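For reference, the structure discussed in these notes is given below.
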Amino acid sequence: MSERLPILYNKKPCYDIVFTKSFDELWDELNNLGCEKRRICIVTDSKVDELYGDCVFKLLDGKCLKTVKYAFPNGEENKNLDTVKEIYKFLIEEGFDRKDMLLALGGGVVGDTTGYVAATYLRGIDFVQVPTTLLSQADSSIGGKTGVDFDGYKNMVGAFKMPRLVYMNLDVLRTLDDRQFFSGFGEVMKHGLIKDSMFYEWLIENMYEICERDLDVLQEMLIRSCTVKKLVVEKDPTEQGERALLNFGHTVGHAIEKAKNFELFHGECVALGAVAAAYISWKREMISMEEYYEIRDMFVPFCLPISVDDIDPEEILRLTKSDKKMESGKIKFVLLKKIGKAVIDNTVTDEEILAAINEINFSEEDAHA
Ligand code: GLY
0 MSERLPILYN
10 KKPCYDIVFT
20 KSFDELWDEL
30 NNLGCEKRRI
40 CIVTDSKVDE
50 LYGDCVFKLL
60 DGKCLKTVKY
70 AFPNGEENKN
80 LDTVKEIYKF
90 LIEEGFDRKD
100 MLLALGGGVV
110 GDTTGYVAAT
120 YLRGIDFVQV
130 PTTLLSQADS
140 SIGGKTGVDF
150 DGYKNMVGAF
160 KMPRLVYMNL
170 DVLRTLDDRQ
180 FFSGFGEVMK
190 HGLIKDSMFY
200 EWLIENMYEI
210 CERDLDVLQE
220 MLIRSCTVKK
230 LVVEKDPTEQ
240 GERALLNFGH
250 TVGHAIEKAK
260 NFELFHGECV
270 ALGAVAAAYI
280 SWKREMISME
290 EYYEIRDMFV
300 PFCLPISVDD
310 IDPEEILRLT
320 KSDKKMESGK
330 IKFVLLKKIG
340 KAVIDNTVTD
350 EEILAAINEI
360 NFSEEDAHA
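The sequence shown maps to residues 0 to 368 in numbering that gives the first Met the number 0.
Put into structure tokens, the structure is as follows:
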């Protein structure tokens, strides 16, 4: 059965997240947004296009004013201003005006890029998110952060732009390869760790069904995960304060992602960054040693890395400092006060960061073995 979670913006209903197990209700949802009289451009990537492009196109074609599709090559390296420019050109050629609509069909790269086009084309055009990876369903499709990478820096150019709808067909999770599927747990676990210890316990209890991709269990997991995100983004939609808690694991994570030339998936880097942040929390005696090792080892059954090889700790530190999560020259680090409660801290020293990077540095572990 489908369920919905409304998201408020400035205390007013803004958009719904629909959790369902097929694309069957997509047209009805779009029709409720007046799409009968609007053009829709499905924006997707080459990989998702092969799997779902035709199916979604056929569902809309003939029902709205005009349906077109634009697919760009798959991969983080295409999340850039060149792709944005190509989409602008396509929309102009197809005669899209401000009343029309974009539909982002894909993972985080597609959602963030399409959202940025929607925020800027003709000073803003509506868009809906149809996320097709666990990572984008659990995190990136919600909360209105849009943007692209610039010069190798993650999400350096962007805008806040709320979608009109987030439509999650959970059945698509079955087609994800294992690595892509499990990568999403970096963000799911993050939500438990920063705000909801009961959800964290629930993840441990339901590990088997989750790994088996039981759709009912995945639906419950996503509703609980998205509820954490909902509570945070409703309070602080444009990241003036508390929303930065969602960056838990991202400070060191983004640096590893860049140092590794995006060979590791985002969720994998978030897991590594989360282990580093939990390590600093332990060393500061905010959490116990047992809690640290429990958190670290919790990533293992979800096939996420807890150490990485071939990294230069000094380079990771330098990249950590050039990430955009800085305030007045200080790194805004997110630490754990306990499982289920995160805090923002801008007093973390270079030595603490280096020690944490060494903790997850496989070569370092090896050398000590
Ligand atoms: N992914 C972090 C946020 O939405 O704020």
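Think of the CB as a built atom: it goes at the ideal place given N, C-alpha and C, for glycine as much as any other residue.
If you're wondering where the values come from, they're calculated on a predicted model, not measured in any experiment.
Practice problem: Tell me whether S139 counts as near the ligand GLY, meaning its Cβ is closer than 7 Å to at least one heavy atom of that ligand. | Solution: yes
Exercise. Determine which residues share a DSSP beta bridge with F184 and list them.
Key: DSSP, once it has assigned bridges, lists no residue as partnering F184.
Quiz item: Do you know how far the Cα of F71 is from the Cα of N77?
Solution: 8 Å
Quiz prompt | Whole runs of the beta strand (DSSP E) within the region 17-73, excluding any shorter than 3 residues | solution = 38-44 and 65-71
Quiz item: With a Cβ-Cβ cutoff of 8 Å, do V147 and N246 count as a contact?
Solution: no
Self-check item: S140 classed as buried or exposed, judged by whether at least 16 other C-beta atoms fall within 10 angstroms
Solution: buried
Exercise. Could you tell me the distance, in whole angstroms, from the CA atom of I16 to the CA atom of E350?
Key: 42 Å
Self-check item: Near the ligand GLY: G110 beta-carbon under 7 Å from a heavy atom
Solution: no
Exercise. With DSSP as the reference, label T119 as helix, strand or coil.
Key: helix
Quiz prompt | According to DSSP, residues forming a beta bridge with P5 | solution = D15
Self-check item: Coarse secondary structure for V342, derived from DSSP in three states
Solution: strand
Quiz item: In the DSSP assignment, what are the bridge partners of A158?
Solution: T145
Self-check item: Range covered by the beta strand (DSSP E) that runs through G105
Solution: M100 to G105
Practice problem: Indicate, with yes or no, if the ligand GTP has a heavy atom lying under 7 Å from the CB of E75. | Solution: This structure does not include the ligand GTP; its bound ligands are the ligand GLY.
Quiz item: So what does DSSP say about V231, is it helix, strand or coil?
Solution: helix
Quiz item: Excluding sequence positions up to five away, which residues of its chain have a Cβ less than 7 Å from the Cβ of R37?
Solution: C63, L64, K98, D99 and M100
Quiz prompt | the ligand GLY heavy atom lying under 7 Å from the CB of E233 | solution = no
Exercise. Measuring alpha carbon to alpha carbon, tell me which of K189, S196 and E200 ends up nearest L244.
Key: K189
Practice problem: Leaving aside the five residues before and after Q218 along the sequence, list all residues of the same chain whose C-beta is less than 8 Å from its C-beta, in chain order. | Solution: E2, F18, K20 and L169
Quiz item: How do the region 154-166 and the region 197-208 stand: do at least 3 beta-carbon pairs fall below 8 Å, yes or no?
Solution: no
Quiz prompt | Contact the region 86-96 vs the region 115-134: 3+ CB pairs below 8 Å | solution = yes
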